[in-house]
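Student: Got a structure for you, written out below as structure tokens; questions coming shortly.
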Amino acid sequence: MRVFIILLITVFSLNTNASDKSASTITAPITALFDAMRNHDAQSLKGQFTSSAMLQRVIKGGDVKNNDINKFAEFVGKTPKHLDEKLLKVVINQSDNLASVWTPYVFYLDNKLSHCGVNSFQLVKTADGWKIAYLIDNMHQGDCQVFMAKHSH
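In terms of the working numbering, the sequence shown opens at residue 868 and continues consecutively.
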């Protein structure tokens, strides 16, 4: 019985480690996207997306604004401002070569809190690894303290 319990604990530990490794592999392009923003690296930023990826933002009233990834990358590459997005919590759902990542965030512009919101990423596993196929977010301006407290658990 004792051997069975030790074996069971070992199996669950292996699954947890595999899950952690899988999660970090899935979120690698998200991490690289935000690193590229901080480093003003337009090429690296574009490299995190599939060639047909979509970038959208839900605006007030529920309208959806389409954004051009190339223009966004160009802006990131040229702006002198420090861009820093911090994730509060990451929730991943995966099935084979498809993953969904839900992640509340706070965004800092020149080290000052600018806004907060939620990102919803759809990722696909390609021959080159995980890539972002779709990113939609929303944005809350003003006091983000309540938002952060609600979404950081």
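Here a beta-carbon is modelled for each residue, glycine too, at the ideal position from N, C-alpha and C. No experiment lies behind these values; they were computed from the predicted model shown.
Cα separation between P896 and A920?
Tutor: Taking the straight line joining both Cα atoms gives about 13 Å.
Student: Output yes or no for whether 8 Å exceeds the beta carbon distance between L922 and L990.
Tutor: Going by C-beta atoms, L922 is not nearer than 8 Å to L990.
Student: Take every Cβ of the segment 965-978, pair it with every Cβ of the segment 925-935, and state whether three or more of those distances are shorter than 8 Å.
Tutor: Judged by Cβ distances under 8 Å, the segment 965-978 makes no contact with the segment 925-935, as fewer than three pairs qualify.
Student: Would you say A899 and S889 are within 8 Å of each other, going by their C-beta atoms?
Tutor: Their beta carbons are not under 8 Å apart, which means A899 does not touch S889 by this criterion.
Student: Given a cut-off of 8 Å on the beta-carbon distance, is the pair G958 and F988 in contact?
Tutor: Gly is not the amino acid found at residue 958; the sequence shown has Val there. Not a contact, by the Cβ cut-off of 8 Å.
Student: Would you call Q1012 buried or exposed, if buried means 16 or more other Cβ atoms sit within 10 Å of its Cβ?
Tutor: By the neighbour-count rule (16 or more Cβ atoms within 10 Å), Q1012 is not buried but exposed.
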